[in-house]
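Engineer:
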Amino acid sequence: MEIEENFLYTKEHEWVSIEDNIATMGISDYAQEALGDVTYVELPEEETEVEQFEQFVSVESVKAASDIYSPMGGKVIEINRKLEDTPALINKDCYGKGWIAKIEVRDMDESTNLMSAEEYRNYLDSLH
Amino acid sequence: MVSLSVENSLHHTPLVDEHIALGAKMVGFGGWNMPLQYESILAEWEYNRKSVSIFDCSHMGEFIIKGDALASGLDRIVTQSIVDMPVNTCRYGAMLNNQGGIIDDLIVYRRGHQDWMIVVNASNIEKNANHFRAHLTDQASFEDVSFKTAKLDLQGPYSRDVLKVLVPGIEKLSYYTFEQFQILGIPVLISRTGYTGELGYEIYCPWEKCKEIWKSILKNATVKPTGLGVRDVLRVEMCYSLYGHELDEMISPLEAGLEKFIDLKKSFMGASALQQQTPQRAIGYLISTSRKSPRAGNKLFDVSGREIGVVTSGTFSPGLNVGIGIGFINRHSVETGASLLFGDEKSKVAATIVKRPFYKNGTLKA
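Those protein sequences? They're chains A and B, same order as listed.
Counting in the numbering used here, the first sequence runs from 1 upward without gaps.
Counting in the numbering used here, the second sequence runs from 1001 upward without gaps.
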């Protein structure tokens, strides 16, 4: 299971990479593996305000739909429109081309509610 | 720890070690520990629809009944006509409770003039066996051979080409017929049946010989193992019903679209209840206007937002590249071409009612 070292993680298996006050987020390798082939991503509108850990995206695989939660609170400033036609980017490159949304972060302190790569690795181990 | 004990209580087919060695994701289904997928559902869909795939269906139930069709009581238990079945043919139908609800759907195999095999759903084996024991007459013998009989489904447009190498004479088997053959000297019953909409065969073999046959078929690199995940997608694409979704004891076969599998000219359990029913809803097949798929439990609304039904099965269809679903809809709202919405009170997606099947390129009768 691949874990990107410099990213932060949620218990719901979202990842986030924060540069300045912009948080880019997606779902982890563990999550895409568990979901299987992604067939549809329901993206939020740009400019939507979200709270940390609020559901704001839905990812569907062939057999199921899963809620995705925002790792940080703030304003959605960009969404990955490529996912509309090629949702499989999430399976192929979940930490890169399969990113889902960029959020302008409201409160940097919220990042203390997230796990480091090492903490996330331990968390995944604890699930098995 | 709870999940561990549940897992331990699941039945195992003879192939469980093979599935795990092949890297399958395992899942509990109908009381059995079964492979959900080996590779990915989309890849396995391609293997089935474009080439050949094999499913372990050893979880399904098989009963052997011996006796005259009428005197044994069998004809009264099942909905389909059986007295006119030629030997070596199969016929799909159901058995009903006295209220007309569906105890299970099943296939009757006529192995001899007074020799029948009944194939039932895994989750219903015990319930069904009890029902047969209670309602067959003393003119019948009944044996539940579910745990002695394994089943492999070889399905796909090239399944005949693969099987004829192992089973000379398989080419002559026509749709919904069967015969006794041998594979590697092992006696097997093979029927030209399946649950995918493709040309295919179901191979019934002794439990302890199943692994040998599975391995010999998989030696042919054209054949890929496929799991229950894609099996469900394939059956929804064909609009085949699944017990627990479109069929159960609270659902009438007249709602579920099973009319053509019911012989109303004969006397059978549940028949009088059916005669008094005026079904208020009917099964319908809906195709999403987008890649967003209907899901079991979604509500159905007419275009004005009035609730008109419920989704019982839904999936993304790789064959159509959109979401598809099956559901029960108010009888007067089920009209081919009609627009409707699926979802919940907060979020609704447009869909259209279509004729069955969704997927029209199946090689079933090739």
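Cβ atoms here follow ideal geometry from the backbone N, Cα and C, with glycine treated the same way.
Quick check: the segment 1061-1068 of chain B against the segment 1086-1095 of chain B, are there 3 or more CB pairs under 8 Å?
Structural biologist: No, they do not touch.
Engineer: Checking contacts by CB at 9 Å: is glycine 1229 (chain B) closer than that to chain A?
Structural biologist: In the second sequence, the residue the question calls residue 1229 (chain B) occupies position 229. Yes, glycine 1229 (chain B) counts as interfacial toward chain A.
Engineer: If you measure from the beta carbon of lysine 1224 (chain B) to each beta carbon in chain A, is any gap under 9 Å?
Structural biologist: The sequence position of residue 1224 (chain B) within the second sequence is 224, counting from 1. False, the Cβ-Cβ gap to chain A never drops below 9 Å.
Engineer: What residue from B:Ile1251, B:Pro1086 and B:His1245 has the CA that sits closest to phenylalanine 1178 (chain B)'s CA?
Structural biologist: Within the second sequence, numbered from 1, the residue matching residue 1178 (chain B) stands at position 178. Among B:Ile1251, B:Pro1086 and B:His1245, the Cα nearest to that of phenylalanine 1178 (chain B) belongs to B:Pro1086.
Engineer: Determine the extent of the beta strand (DSSP E) in which glutamine 1155 (chain B) is found, giving its start and end residues.
Structural biologist: Reading the second sequence from its first residue, position 155 is the one you call residue 1155 (chain B). 1149-1155 is the extent of the beta strand (DSSP E) around glutamine 1155 (chain B).
Engineer: For lysine 1050 (chain B), which of helix, strand or coil comes out of DSSP?
Structural biologist: For the purposes of this step, residue 1050 (chain B) is identified with residue 50 of the second sequence, where counting begins at 1. Of the three classes helix, strand and coil, the one that applies to lysine 1050 (chain B) here is helix, per DSSP.
Engineer: So what's asparagine 1298 (chain B) in DSSP terms, helix, strand or just coil?
Structural biologist: Working through the second sequence from its first residue, we reach residue 1298 (chain B) at position 298. Three-state result, asparagine 1298 (chain B): coil.
Engineer: Taking all protein chains shown into account, decide if methionine 108 (chain A) is buried (16 or more other Cβ within 10 angstroms of its Cβ) or exposed.
Structural biologist: In the first sequence, residue 108 (chain A) corresponds to position 108, counting from 1. Methionine 108 (chain A) should be labelled exposed.
Engineer: Consult DSSP for asparagine 1330 (chain B) and reduce its assignment to one of helix, strand or coil.
Structural biologist: The count along the second sequence starts at 1 and reaches residue 1330 (chain B) at position 330. In this structure, asparagine 1330 (chain B) counts as strand in the three-state DSSP scheme.
Engineer: Secondary structure at alanine 65 (chain A), three-state DSSP: helix, strand or coil?
Structural biologist: Numbered from 1 along the first sequence, position 65 holds the residue referred to as residue 65 (chain A). If DSSP states are grouped into helix, strand and coil, alanine 65 (chain A) belongs with the strands.
Engineer: Compare the C-alpha of proline 1206 (chain B) against each of B:Leu1042, B:Cys1057, B:Val1078 and B:Leu1286 and name the closest.
Structural biologist: As a working mapping, residue 1206 (chain B) is identified with position 206 in the second sequence. The residue with the shortest Cα to Cα distance from proline 1206 (chain B) is B:Cys1057.
Engineer: May I ask you to report which of helix, strand or coil DSSP gives leucine 1258 (chain B)?
Structural biologist: Translated into the one-based positions of the second sequence, residue 1258 (chain B) becomes position 258. Three-state DSSP puts leucine 1258 (chain B) in coil, outside helix and strand.
Engineer: Could you pull the start and end residues of the beta strand (DSSP E) that leucine 1096 (chain B) belongs to?
Structural biologist: Here residue 1096 (chain B) corresponds to residue number 96 of the second sequence, with the count starting at 1. From DSSP, the beta strand (DSSP E) with leucine 1096 (chain B) extends over 1090-1096.
Engineer: Could you tell me the distance, in whole angstroms, from the CA atom of leucine 1004 (chain B) to the CA atom of leucine 124 (chain A)?
Structural biologist: Taking the second sequence and counting its residues from 1, the one referred to as residue 1004 (chain B) is at position 4. Taking the first sequence and counting its residues from 1, the one referred to as residue 124 (chain A) is at position 124. Any reading at leucine 1004 (chain B) is ruled out, since the residue's pLDDT is 43, under 50, leaving its predicted position unreliable.
Engineer: Which residues in chain A sit within 9 Å of isoleucine 1041 (chain B), going by Cβ to Cβ distance?
Structural biologist: Stepping through the second sequence from its first residue, residue 1041 (chain B) is reached at position 41. The answer, in chain order, is Gly36, Asp37, Ser61, Val62 and Lys63.
Engineer: Does glutamate 176 (chain A) get closer than 9 Å to chain B when you measure Cβ to Cβ?
Structural biologist: Residue 176 (chain A) lies beyond the residue range present for chain A, which begins at 1 and ends at 128; the question has no answer from this structure.
Engineer: With a threshold of 9 Å between beta-carbons, can aspartate 1232 (chain B) be considered close to chain A, or not?
Structural biologist: By one-based count along the second sequence, residue 1232 (chain B) stands at place 232. Yes, its Cβ sits closer than 9 Å to a Cβ of chain A.
Engineer: Look up glycine 1112 (chain B) in the DSSP assignment and say whether it is helix, strand or coil.
Structural biologist: Here residue 1112 (chain B) refers to the residue found at position 112 when the second sequence is read from its first residue. In this structure, glycine 1112 (chain B) counts as strand in the three-state DSSP scheme.
Engineer: Determine the closest residue to glycine 1305 (chain B) out of B:Gln1280, B:Ala1351 and B:Gly1319, with distance taken between C-alpha atoms.
Structural biologist: Here residue 1305 (chain B) refers to the residue found at position 305 when the second sequence is read from its first residue. Considering only alpha carbons, the answer is B:Ala1351.
Engineer: Should alanine 1367 (chain B) and glycine 1023 (chain B) be called a contact, given that it needs their Cβ atoms to be closer than 9 Å?
Structural biologist: The first residue shown for chain B is 1001 and the last is 1366, placing residue 1367 (chain B) beyond what the model contains.
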